[in-house]
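> Starting off with a structure, shown below.
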Amino acid sequence: MTLESRPENMPRIDSLERAQAYIDERLALLRAQIGGRKVLLALSGGVDSSVVAALLIRAVGDQLTCVHVNHGLLRKGEPEQVVRVFREELGANLIYVDASDRFLDKLAGVADPERKRKIIGKEFIEVFAEEARKLDGISFLGQGTIWPDILESEAGIKAHHNAGGLPEDLRFELVEPVRILFKDEVRMVGRALGLPESMVERQPFPGPGLGVRCPGAITRDRLEAVRESDAILREEFAAAGLAGKVWQYFTVVPDFKSTGIRDGRRTFEWPVIIRAINTTDAMSATVEELPFALMQKLVSRITAEVKGVNRVLYDCTPKPTGTIEYE
Ligand code: XMP
0 MTLESRPENM PRIDSLERAQ AYIDERLALL RAQIGGRKVL LALSGGVDSS
50 VVAALLIRAV GDQLTCVHVN HGLLRKGEPE QVVRVFREEL GANLIYVDAS
100 DRFLDKLAGV ADPERKRKII GKEFIEVFAE EARKLDGISF LGQGTIWPDI
150 LESEAGIKAH HNAGGLPEDL RFELVEPVRI LFKDEVRMVG RALGLPESMV
200 ERQPFPGPGL GVRCPGAITR DRLEAVRESD AILREEFAAA GLAGKVWQYF
250 TVVPDFKSTG IRDGRRTFEW PVIIRAINTT DAMSATVEEL PFALMQKLVS
300 RITAEVKGVN RVLYDCTPKP TGTIEYE
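The numbers in numbering that gives the first Met the number 0 rise by one with no breaks, and the one at position 285 of the sequence shown is 284.
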């Protein structure tokens, strides 16, 4: 089967009307491709896999099974949102696997960034494969491949990794209903499908999740500090009208402590580093100029609400020389 390419003269999907026309056309194509057979999808909760899930639910209903693997490195509230939106609101056949302990046990004591990434990637495939093997009669694997993934892998910039590592007995035929779309078009299609704005406008989030924002060997308490401070940052950015305007923003909790003071007593705790950057292609990035009042609000909330933290720092480093993530 030849894989679909984006037609050269395809108009940009820049309105809900165009998105609806795309959806109608796709639903017919998906029904023709899939017929009465079954589809499996790894649903991360990211924009691409969420839009693919929503399209497939409309096209083939319960012939689709979604698997959401919680690797313990997701942001606060994310697994709950995936379950609420897909199982409860859209009625999807959703298997939710909380594999947090399994991932965190494997990662214990591992400080090297590339080894951490490899462990997370390999474990993810193992958990997904275990779930897939419990199911009978799957013919297709849904994937959230988008057009820039194809362009980048053709240009040799990025090895396109989606599902690449699945074992041989699980190499199903692919269903890639957003393959010819750019990211902004995927978002528009998601909106037209009625997905919540917080899901459609989600900022990029690395596959290894909060694991790369807890530099060095991950411990559960420091990871919790990353998750809680990230949740506060997202809340305050939303309140300040910056959500959806700043390209990517997050917190990092490095593995060192400094002296502080709380209630007249000496403390020895971690700092939280805030990073907020703008970019078009993630190859280079500039730093967002945050209002000082917002910084002060963040400092007071994070130091009051996040356990084990006594300082807050703002990273003013563009890319280059700093990468966006810390690992
Ligand atoms: P860097 O840190 O290389 O990040 O400047 C560029 C963009 O890529 C994201 N990123 C990742 N995404 N797996 C992913 O899926 C990864 O291992 C990974 N590392 C970085 C990062 O969040 C930023 O948007």
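Heads up, the beta-carbon is just placed ideally off N, CA and C, and yes, glycines get one too. The structure presented is a predicted model; accordingly, all values stated were derived computationally and were not measured.
#1: Quick check on Asp47: buried or exposed, where buried means 16 or more other Cβ atoms within 10 Å of its Cβ?
#2: Looking at the structure shown, is Asp97 part of a helix, part of a strand, or coil, going by DSSP?
#3: Do the segment 55 to 69 and the segment 119 to 133 meet, that is, are 3 or more Cβ pairs less than 8 Å apart?
#4: DSSP on Leu140, reduced to helix/strand/coil?
#5: The ligand XMP and Glu235: does any heavy atom of the ligand fall closer than 6 Å to the residue's C-beta?
#6: Is the beta carbon of Gly210 within less than 6 Å of some heavy atom of the ligand XMP?
#7: Distance, Cα to Cα, Met9 vs Arg17?
#8: So, are the CB atoms of Leu109 and Lys115 less than 7 Å apart?
#9: Name the DSSP bridge partner or partners of Asn309?
#10: Bridge partners of Trp269, per DSSP?
#11: Is there at least one non-hydrogen atom of the ligand XMP closer than 6 Å to the beta-carbon of Thr322?
#12: At a threshold of 6 Å, does Pro207 count as lining the ligand ADP (C-beta to nearest heavy atom)?
#13: Kindly confirm or deny that the segment 45 to 59 and the segment 181 to 190 touch, where touching means at least three C-beta pairs closer than 8 Å.
#14: Can you tell me whether Tyr329 is helix, strand or coil according to DSSP?
#15: Should Cys315 be labelled buried (16 or more other beta-carbon atoms within 10 Å of its own) or exposed?
#16: Can you tell me whether Thr64 is buried or exposed, with buried defined as 16 or more other CB within 10 angstroms of its CB?
#17: Would you check if the segment 50 to 59 and the segment 167 to 178 touch, i.e. whether three or more CB-CB distances between them fall below 8 Å?
#18: Quickly, what does DSSP pair Phe249 with across the bridge? List them, please.
#19: Please list, in chain order, all residues of the same chain as Lys75 whose beta carbon is under 6 Å from its beta carbon, the five residues on each side excluded.
#20: Cutting at 7 Å between CB atoms, please list the residues of its own chain near Gln32, excluding the five before and the five after it.
#21: Per DSSP, Cys65 forms a beta bridge with which residues?
#22: Flag Ala191 as yes when its Cβ comes closer than 6 Å to any non-hydrogen atom of the ligand XMP, and as no otherwise.
#23: Distance check for Leu169 and Phe139, CA to CA, integer angstroms please.
#24: Ends of the alpha helix (DSSP H) at Ile149?
#25: How is the alpha helix (DSSP H) around Glu235 delimited, first residue to last?
So, to answer that:
#1: buried
#2: strand
#3: yes
#4: strand
#5: no
#6: no
#7: 11 Å
#8: According to the sequence as given, residue 109 is Val; it is not Leu. Result yes, Cβ atoms of Val109 and Lys115 sit closer than 7 Å.
#9: According to DSSP, which records beta bridges pairwise, Asn309 is partnered with nothing at all.
#10: Val308
#11: yes
#12: As presented, the structure is devoid of the ligand ADP, carrying the ligand XMP as its sole ligands.
#13: yes
#14: A query on residue 329 cannot be resolved here, the shown segment of the chain reaching from 0 to 326 and no further.
#15: exposed
#16: buried
#17: yes
#18: Arg274
#19: Arg226, Ala230
#20: Val174
#21: Leu40, Leu93
#22: no
#23: 9 Å
#24: 146 to 153
#25: 219 to 238
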